[in-house]
Structure formats: structure tokens, C-alpha cells
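S.K.: Below are the C-alpha cells for one structure; questions will follow.
Residue numbers (this note's numbering): 679 to 1000.
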């Protein structure tokens, strides 16, 4: 394992709205910032259209997150694209952040790893991940232009994915175990009326077929009839979960495995802060996560200032008024 000898002021785990916003705000305060993330943008980047971010027109989620990243890098934040696998508190009150290939040392940590797509949990899924099995229509949809795909799920995410893919793909199968689709009635109606979307309710995916690439899926309907659908790819839209087991020995989690924070984004361990969808934050929205990321960065800055014996005043961006 390679060890980075740099001592960072703050390491941010996660590259979604909260993490990128935290990187921007921490870097603008003159802190040495490293953001470590498996991919750029998190759940927001997998959203085809975002129309409720103040000041921005209707935009692709990935484009917004890419702009966040460029802005953070402009102020000196470093981005490292790796998956964080461990976090350790050192005897000197610093923290070591571990990835499969490297270790980084920091004074503070901001946990902003967000939510992770829930697996379908069927044979063939793991083996064919990235080879026809996808969890991101926005990222991977263009690879299936003119091809046949399935979307597994019945929530608004599955509806959104089906509708966007129908504009690229020859055929879309929407497969849902439930008796009815849920979500926005307007979007639901649009999906139901789209000519190249076929909806299969009370149907579950049993297996994803293929050797080097996805070649089809095996499904079972309400009458227990099993059949094979030949296709080129499957998009899993089964919702999201918090994968926080790797920090459970350092921070307190709630029953949903979310990181418990106070109003200052502080966790149960001094020096570790958290922001965004992985926390007990009630509302999971891009704009709220971005704000919480900024708050976590300022809290980390204040923590570092206090430990260095300096004033803990955080001056507003628009100037300080007595």
C-alpha cells in the first residue's frame, strides 16, 4: 500500500453535492483539501434532469456536479478517484484514510459518501456489472443507443430511467415486482403511453444471463411462469442504501445506518464531520446537501483554528459586520 506523506487539513470522503461543496468551501479557507471518491457526482450525477437548483436552468445532474468539481479544484482542492475502505484514528489525534492502494493522513474528516444503489441480488449481477448491468442511466444510457434494455424497479427512479432510455433505446422493458408503479402521476402516465416501453408488473428478475456481456434476463411472473427476455443491458433502479459499516466503530449510527450529526455537522468523534444523504439529514435534496457540505467545511475549519489556538470566528463571505 502506498502512503501519501502529505498531512491534509481535511479529507472529504464522497464526491456528491455535499462532498464537492465541502471541498470548495474548505479550499477557499486556505485549507489543504483532499476529496476521495469512487465516482464523481454521486446520486445527483445519475439524475437525468435537475430543475430545482436555484439559479440554474434545467440541467443534466452530471453537468452540475462536474461544474462543482471544477470550481473546487480552481481553489486548490485535490480529487482522488478511489474507493475508501477504512478510517482509523491515530494516537496523535490525526486520522488515516485507507483505500485499496493508498493511505492518507489528515487533521479532520468529512464523511459525505451519500447513498449507494441497492443491488438486485440475483445471479449474474456481480459478474456482469459494467458489462451490461448498470445503475446509472445518465452515465451509461448512450452506450445502449438503438439496443434493447430492461429497467428493474417500480419507483420514480425506475420511471425516470425508463422514460429517458426510451428516447435512446429500441425497446425498454420496465419490470416491477409490485402490483402498481409509484411516483409522479404525470411521469407515470407518460411512461405508460410511451410506445417502446413495455411494463411487466408482478414480475421479478431471477437471473441476468450472459458470459462476457449481458445477453438476456430470466423473469418470473405472477402465475409463476418463467421465461427469458433477450436484451443487451439492464438498469437496476431498486432504490438506495447507506453503506456505513466501515465507520461504525468511530461514529454513532442510527437504526437506518445513517451517520448521526448535530446542527454543526459534528459526529460523535471530534474531528470527524458528516454531511449529505449519508447523515440523519431529514430532506434528501441536492441543494440541501450542498449547503450541509459547506457547513461541515466551515465547522472543520473552526475546529482546526481552535486546535491551533486561533480565533474561531468564521467570517462571512460577504464581509464581517460588527
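For glycine and all other residues, C-beta sits at the position ideal for the given N, C-alpha and C.
Would you decide whether residue 850 is buried or exposed? Buried here means 16 or more other CB atoms lie within 10 Å of its CB.
M.R.: buried
S.K.: Would you identify the three-state DSSP class for residue 795, choosing helix, strand or coil?
M.R.: strand
S.K.: Might you give, ordered along the chain, the residues of its own chain that have their beta carbon closer than 6 Å to the beta carbon of residue 877, omitting 5 neighbours on each side?
M.R.: Closer than 6 Å at Cβ, skipping near neighbours: 852.
S.K.: Pull up the CB-CB distance for residue 698 and residue 746, whole angstroms please, since I reckon it's below 8 Å.
M.R.: 4 Å
S.K.: Could you name the residues that DSSP lists as bridge partners for residue 830?
M.R.: 853 and 914
S.K.: For the beta strand (DSSP E) containing residue 888, list its first residue and its last residue.
M.R.: 882-888
S.K.: Pick helix, strand or coil for residue 898, following the three-state DSSP scheme.
M.R.: strand
S.K.: Spatial neighbours of residue 726 within its chain, please: CB distance less than 6 Å, with the 5 preceding and 5 following residues excluded, ordered by chain position.
M.R.: 816 and 842
S.K.: From the DSSP output, which residues share a beta bridge with residue 759?
M.R.: According to DSSP, residue 759 bridges with 715.
S.K.: Classify residue 919 as buried or exposed, calling it buried when 16 or more other Cβ atoms lie within 10 Å of its own Cβ.
M.R.: exposed
S.K.: Can you find a C-beta in chain C that's less than 8 Å from the C-beta of residue 729?
M.R.: In summary, chain C is missing from the structure at hand, where a single protein chain is found.
S.K.: Give the DSSP-derived three-state secondary structure of residue 989 in the structure shown.
M.R.: coil
S.K.: Are the beta-carbon atoms of residue 765 and residue 925 separated by less than 8 Å?
M.R.: Cβ distance < 8 Å, so residue 765 and residue 925 count as in contact.
S.K.: Checking the sheet assignment: what are the DSSP bridge partners for residue 937?
M.R.: 931 and 957
S.K.: How many Å lie between residue 701 and residue 801 at the Cα?
M.R.: So the alpha carbons of these two residues sit roughly 39 Å apart.
S.K.: From residue 686 to residue 716, what distance separates their C-alpha atoms?
M.R.: 19 Å
S.K.: Could you tell me whether the Cβ atoms of residue 956 and residue 788 are closer together than 8 Å?
M.R.: no
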